[in-house]
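Heads up: the first sequence runs through residues 39 to 292, numbered per the working numbering.
Just so you know, even glycine gets a beta-carbon here, dropped at the ideal spot from N, CA and C.
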Amino acid sequence: MKIATWNVNSLNARWPRVEEFLTTRDVDVVLLQETKQRDDKFPSDALQELGYSSAHFGFNQWNGVAILSRVGLSEVVRGFGDREDEEARCIAATCDGVRVMSCYVPNGRAVDNPHYAYKLEWLETLRLRVAAHPKDVPLVVGGDFNVAPEDIDCYDPSAFVGATHVTEPERTALRAVTDEGLTDIFRHLYPDDVQYTWWDYRNGSFRRGWGLRIDLLLCSPHVTNRATAAWVDRDARKGEKPSDHAPVIVEFSL
DNA sequence: ATGTCCCAACTTTTGGGA
């Protein structure tokens, strides 16, 4: 089984690349973030024609998350349901016995911005949802976490002093999620590999190798113990109209 | 530090977000 996560930065703008990905990468489940769509604009029919059932959670031009699956999709839960002004940042479903969650963690914007506190709160809510998950059901929590877990996941930690994505509170909040029994599968399989998943559109960051590894697949032991490989699909960051994020894929034997 | 991209809108340029 192959599960991918990909922040597409607008599904509408990215449709040709998403279609290319689905027809060439042979993935069973895809977790999307930043679809930037309302549910009624989501291309579920076009996805079905490509062989994927889908579920989407989106209110407007911001955020938006989805799950695509060609191995079944049931028990869909949209969002956390924890606040009146909830944003579309989380959706869960069961695909072939694996519970998957597609997460778009708030960016945080700046350490002194209210959005940063919101980011930490959001991660704590995610931790509670993971803690409440039955331990006998395989779980993969994937998405754009907007946190580089360690310095190895940042092209230049000195350039990020005082910036979001690398601060200790963010890393601690992310670690609190994984401490509930999940494993950052890429780092687990390749402890020393330097790989990034996001490069700013500006400054020629991709060409210069200025990236961060902020898109993660957090796996429960059932999946972690059966994982055979994980990789970043850097080719998806190249070519015509790419997202600023590359997909991350995990392969495991059910 | 900021060389881009994407979206909405009292749209053909601007502002917000990343």
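If you check the beta carbons only, do residue i and residue j fall under 9 Å apart?
{"i": "residue 115", "j": "residue 69", "result": "no"}
{"i": "residue 72", "j": "residue 154", "result": "no"}
{"i": "residue 139", "j": "residue 180", "result": "yes"}
{"i": "residue 106", "j": "residue 168", "result": "no"}
{"i": "residue 222", "j": "residue 256", "result": "yes"}
{"i": "residue 234", "j": "residue 249", "result": "yes"}
{"i": "residue 244", "j": "residue 276", "result": "yes"}
{"i": "residue 63", "j": "residue 89", "result": "no"}
{"i": "residue 164", "j": "residue 118", "result": "yes"}
{"i": "residue 41", "j": "residue 178", "result": "yes"}
{"i": "residue 129", "j": "residue 203", "result": "no"}
Give the range of the beta strand (DSSP E) segment to which residue i is assigned.
{"i": "residue 183", "result": "That residue, residue 183, is in no beta strand (DSSP E); it is neither H nor E in DSSP."}
{"i": "residue 130", "result": "128-133"}
{"i": "residue 228", "result": "First-last for residue 228: undefined, no H or E at that position."}
{"i": "residue 88", "result": "Residue 88 -> no beta strand (DSSP E), and no H or E assigned at all."}
{"i": "residue 270", "result": "265-270"}
{"i": "residue 105", "result": "103-107"}
{"i": "residue 113", "result": "112-116"}
Hey, quick one: how far does the alpha helix (DSSP H) through residue i stretch, first residue to last?
{"i": "residue 57", "result": "49-62"}
{"i": "residue 261", "result": "259-262"}
{"i": "residue 74", "result": "Element bounds for residue 74: n/a, residue is neither H nor E."}
{"i": "residue 169", "result": "152-169"}
{"i": "residue 149", "result": "Note, residue 149: premise wrong, no alpha helix (DSSP H); not H, not E."}
{"i": "residue 211", "result": "206-216"}
State buried or exposed for residue i, treating a residue as buried only when at least 16 other CB atoms are found within 10 Å of its CB.
{"i": "residue 283", "result": "buried"}
{"i": "residue 151", "result": "exposed"}
{"i": "residue 173", "result": "exposed"}
{"i": "residue 226", "result": "exposed"}
{"i": "residue 240", "result": "exposed"}
List the residues that DSSP assigns as beta-bridge partners of residue i.
{"i": "residue 236", "result": "250 and 283"}
{"i": "residue 98", "result": "Partner(s): none; residue 98 has no beta bridge."}
{"i": "residue 43", "result": "69 and 286"}
{"i": "residue 142", "result": "182"}
{"i": "residue 83", "result": "Answer by DSSP bridge pairing: none, since residue 83 is not bridged."}
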